[in-house]
Amino acid sequence: MALQDVCGFLETLDDISPCTYLPNEMGYMWRTPCEFDRDSAFHFLFPSQQCRRKNRAPTLFSSAFSSLSPHQQPFQLSHGTTTLGFIFQDGVIAAADTRASCKGLICCPISQKIMPIHSHLVVNTSGSGADCMLWERILTREMRLYQLRHHKRLSVNGAAKLLSMMLHPFKGTNVCVAATLCGWDEEQETRKTLQACMEIADVKEAMERDSSVSTILDESAQGCVKMASINKQDENLKDAHAMNPTVSHQNTKNVLSTFGSRSGPRVCYVCSDGLQLKGEIISVGSGSPYAYAVLDDGWRWGMTVDEAVALAREAVFRATHWDAYSGNNVDLFHITAHGWRRRDREDLKEEYYRERERKKKKIKEREKERQKKEGGELAEGEGDIYSVCCR
Amino acid sequence: MEYLIGIQGPDFVLVAADNVAASSIIQMKHDYDKMFKLSEKILLLCVGEAGDTVQFAEYIQKNVQLYKMRNGYELSPAAAANFTRKNLADYLRSRVGTEPLRSNPECSMIYFSNRDSGGVYLPKRAPETCREQGDGPDQIKASQTPYHVNLLLAGYDEADGPGLYYMDYLSALAKAPFAAHGYGAFLTLSILDRYYRPDLTREEAVDLLKKCLEELNKRFILNLPSFTVRLIDKDGIHDMEKLPVAPK
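Listed in order, the protein sequences are those of chains B and F. Numbering-wise, the working numbering comes out as the position in the first sequence, counting from 1, plus 11. Numbering-wise, the working numbering comes out as the position in the second sequence, counting from 1, plus 2.
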């Protein structure tokens, strides 16, 4: 798709004039390139309904009904899932369950709802499975084209805006996509801001000179100061960066990327009905209220990675417990300035039994403590030697 | 669910909007800004259907800025209000032409590729369903693309002074001394009626606003914890303290 466009394989067009399709044996959709004439737009080709019925592969995702079916939808397509994304001081966590449901049936217990778009962006999708797959591909394509054309990666907010704009013409149709874009923006600043940062940092430079570069992860003046202290090499690298954007020193990128609010972790929600939100914690789907309850309780900006992963797991676990349309496994992605990392898929059924065991153990422990306390009080009154030894 | 309010004084306009961005029963955001800056002295407050608000408001915003770039001076609030009204009215009865049912009815998208700025995907019969209520998706009729948004436009003009314009989704425009949108308007318009005077000072206007918000907190079924407040006068747009203080 992308290569065709870049090579100018097919010319662009101005009007939407309908073209006459020559029927061939597959129906009316598969066209060879030579049949495209100058006055037909480059049509997106979809297998028709008839074709699908002929060679029917079971569709695993909830969209057993095409998004443009001419008849009334028998039920409201709800987002039967739990997906969540949140940012914290060390990046972004994206987590989701793996159940794809179709009305009352689990179509697929091992679907993948978190898709990487590029090295620093993943998207959590909920809604109609087919629509999500398509729009993920479209978004990937457009982002890659942007990167090739403009020599820099589109920011997460930019990607959200792009997706929102692309979905807008479909408002009012049955397209149902609710995507959470989770990613890390790289720095886009100009030399001027670097200069300004140097001036601010001058006062504190002496103190900060010795601090290590690679452990920087906060967005305060500290980050600015540390960046200023290695500014000389940055200036050179910036030139190199401009000429060859794919090559960049990982360390400096790490440092530079957390400067100010232009870079760093980001979470953005885009919905096919047009809602577009940036935030710190986003959860989507039928299980999202349960997830929100856990996340709001435990989220802090200064969490460690382990704490964040544990929180995300717990949130999805609780949601899958209460929500019928979420369940099976939990997928977890962690995105930092270095890119995304995927945690192994975990079966939540085991977690449920483990939790039961933990609760039983805790009850036993508490019972023991209570007995000891009572035993200890009695013994204290008599001054028994054993009460001192027992702890 | 959402609430907008505007109060015009002798040389200023005070506007406030709630900060909640909700999706069905969940508050997804507590600090969402519903005001769009059209120019140095004009604010557009926009509530309504989820995607339409941002889409329409940004469209108006960019066009007002384009006018300034082309002509060298800014649109006055009255002109901006009427421009907005015209656009809203045009979209209200816009018709995407009914295309004859083609031989490939299932092909759902057309892609226009543009080398410079990226591709655009359009539905082939766009949009199929009429977005007005009551129409089922199976009715194939001339489709309309109305924007369901309610607006308040507030601005300060050098010549005419302050102006507050009320506009609803049917693009009815009225210049008013005070105005409100949303369910909260039912509760607060009578308060504004009682206590409004054309010669309010800024402090009195803020007090009047606080009275309205107190009433909302007391009687409105939904929880609207905080409001963004802005004041426009001859010196431009000033951010004021958020009322009431948002809970942690």
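Every residue, glycine too, gets a C-beta built ideally from N, C-alpha and C.
How is the alpha helix (DSSP H) around residue i delimited, first residue to last?
{"i": "residue 53 of chain F", "result": "52-73"}
{"i": "residue 209 of chain F", "result": "204-221"}
{"i": "residue 2 of chain F", "result": "Chain F is shown from 3 up to 250; residue 2 of chain F falls before or after that span and cannot be answered."}
{"i": "residue 111 of chain B", "result": "Premise fails: residue 111 of chain B lies in the beta strand (DSSP E), 111-113, not in any alpha helix (DSSP H)."}
{"i": "residue 299 of chain B", "result": "299-309"}
{"i": "residue 186 of chain F", "result": "185-197"}
{"i": "residue 322 of chain B", "result": "316-333"}
Please check the pair residue i and residue j, which I expect to be a contact at CB under 8 Å, by giving their CB distance rounded to whole angstroms.
{"i": "residue 54 of chain F", "j": "residue 183 of chain F", "result": "That pair is no contact at about 14 Å."}
{"i": "residue 234 of chain F", "j": "residue 163 of chain F", "result": "Incorrect: roughly 11 Å between the Cβ atoms, too far for contact."}
{"i": "residue 166 of chain F", "j": "residue 10 of chain F", "result": "4 Å"}
{"i": "residue 130 of chain B", "j": "residue 350 of chain B", "result": "4 Å"}
{"i": "residue 280 of chain B", "j": "residue 293 of chain B", "result": "5 Å"}
{"i": "residue 109 of chain B", "j": "residue 117 of chain B", "result": "In fact, because the Cβ distance is near 10 Å, the residues do not count as touching under 8 Å."}
{"i": "residue 226 of chain F", "j": "residue 5 of chain F", "result": "6 Å"}
{"i": "residue 214 of chain F", "j": "residue 190 of chain F", "result": "4 Å"}
Got a sec? Which residues, its chain only, sit under 8 Å from residue i by beta carbon, not counting five neighbours each side?
{"i": "residue 135 of chain F", "result": "At residue 135 of chain F the pLDDT is 41, less than 50, meaning the model places this residue with poor confidence; the figure from the coordinates comes in the next sentence. Cβ neighbours of residue 135 of chain F beyond the five flanking positions: none."}
{"i": "residue 237 of chain F", "result": "none"}
{"i": "residue 240 of chain F", "result": "232, 233 and 234"}
{"i": "residue 316 of chain B", "result": "101, 102 and 345"}
{"i": "residue 90 of chain B", "result": "137, 138, 187, 189, 295, 296 and 297"}
{"i": "residue 204 of chain F", "result": "11, 14, 16 and 233"}
For the candidate residues the options, whose alpha-carbon lies nearest to that of residue i?
{"i": "residue 177 of chain F", "options": "F:84, F:3, F:13 and F:211", "result": "F:84"}
{"i": "residue 208 of chain F", "options": "F:77, F:18 and F:93", "result": "F:18"}
{"i": "residue 105 of chain B", "options": "B:302, B:163 and B:125", "result": "B:125"}
{"i": "residue 91 of chain F", "options": "F:242, F:244 and F:175", "result": "F:175"}
{"i": "residue 168 of chain B", "options": "B:187, B:193 and B:304", "result": "B:193"}
{"i": "residue 197 of chain B", "options": "B:144, B:159, B:102 and B:289", "result": "B:102"}
{"i": "residue 48 of chain F", "options": "F:68, F:3, F:206 and F:14", "result": "F:3"}
{"i": "residue 25 of chain F", "options": "B:128, B:285 and B:357", "result": "B:285"}
{"i": "residue 135 of chain B", "options": "B:341, B:365 and B:385", "result": "B:341"}
{"i": "residue 13 of chain F", "options": "F:200, F:210, F:222 and F:242", "result": "F:200"}
{"i": "residue 331 of chain B", "options": "B:97, B:96, B:107 and B:287", "result": "B:107"}
{"i": "residue 35 of chain F", "options": "F:16, F:41, F:15 and F:56", "result": "F:56"}
{"i": "residue 15 of chain F", "options": "F:96, F:46 and F:187", "result": "F:46"}
{"i": "residue 39 of chain F", "options": "F:52, F:66 and F:212", "result": "F:66"}
{"i": "residue 310 of chain B", "options": "B:322, B:301 and B:368", "result": "B:322"}
{"i": "residue 71 of chain F", "options": "F:41, F:161, F:37 and F:228", "result": "F:41"}
Enumerate in chain order the residues of its own chain whose CB-to-CB distance from residue i is below 6 Å, with the five nearest sequence positions on each side excluded.
{"i": "residue 45 of chain B", "result": "With a pLDDT of only 41 at residue 45 of chain B, under the threshold of 50, the placement of this residue in the model should not be trusted; the figure read from the coordinates follows. No residues qualify anywhere along the chain."}
{"i": "residue 417 of chain B", "result": "Summary: the structure shown does not reach residue 417 of chain B, with chain B confined to residues 12 through 402, and so no result is reported for it."}
{"i": "residue 58 of chain F", "result": "149 and 151"}
{"i": "residue 362 of chain B", "result": "328"}
{"i": "residue 3 of chain B", "result": "Given that chain B is displayed from residue 12 to residue 402, the structure contains no residue 3 of chain B and the question cannot be resolved."}
{"i": "residue 29 of chain F", "result": "22"}
{"i": "residue 174 of chain B", "result": "150 and 281"}
{"i": "residue 78 of chain F", "result": "159"}
{"i": "residue 188 of chain B", "result": "138, 142, 143, 146 and 283"}
{"i": "residue 132 of chain B", "result": "194"}
{"i": "residue 179 of chain F", "result": "10"}
{"i": "residue 356 of chain B", "result": "340 and 342"}
{"i": "residue 244 of chain B", "result": "Low confidence applies here, because residue 244 of chain B scores a pLDDT of 43, under 50, leaving its location unreliable and the question unanswered by this model."}
{"i": "residue 276 of chain B", "result": "98, 102, 103 and 195"}
Across which residues does DSSP place residue i in a beta bridge pair?
{"i": "residue 37 of chain F", "result": "F:47"}
{"i": "residue 195 of chain B", "result": "B:276"}
{"i": "residue 137 of chain B", "result": "B:189"}
{"i": "residue 378 of chain B", "result": "None, per the DSSP bridge assignment."}
{"i": "residue 225 of chain F", "result": "In DSSP, residue 225 of chain F forms no bridge with anything."}
{"i": "residue 89 of chain F", "result": "Note: residue 89 of chain F sits in no beta bridge, so no partner."}
{"i": "residue 182 of chain B", "result": "B:184"}
{"i": "residue 143 of chain B", "result": "DSSP, once it has assigned bridges, lists no residue as partnering residue 143 of chain B."}
{"i": "residue 97 of chain B", "result": "B:104 and B:292"}
{"i": "residue 132 of chain B", "result": "B:129 and B:194"}
{"i": "residue 180 of chain F", "result": "F:9"}
May I ask which residues mark the beginning and end of the beta strand (DSSP E) holding residue i?
{"i": "residue 104 of chain B", "result": "102-108"}
{"i": "residue 352 of chain B", "result": "350-358"}
{"i": "residue 25 of chain F", "result": "23-25"}
{"i": "residue 158 of chain F", "result": "151-159"}
{"i": "residue 342 of chain B", "result": "340-347"}
{"i": "residue 169 of chain F", "result": "163-169"}
Go through its chain and collect everything with a Cβ distance to residue i's Cβ below 7 Å, but skip five positions before and after it.
{"i": "residue 94 of chain F", "result": "148, 172 and 173"}
{"i": "residue 102 of chain F", "result": "In this prediction, residue 102 of chain F scores a pLDDT of 41, lower than 50, which makes its location untrustworthy; no coordinate-derived value is stated."}
{"i": "residue 313 of chain B", "result": "100"}
{"i": "residue 242 of chain F", "result": "231, 232 and 233"}
{"i": "residue 212 of chain F", "result": "245"}
Could you tell me whether any non-hydrogen atom of the ligand GDP is closer than 6 Å to the CB of residue i?
{"i": "residue 208 of chain F", "result": "You won't find the ligand GDP in this model; it holds no ligand whatsoever."}
What does residue i reach in chain D if we use C-beta pairs closer than 8 Å?
{"i": "residue 193 of chain F", "result": "Looking at the structure shown, chain D is missing, and the protein chains on hand are B and F."}
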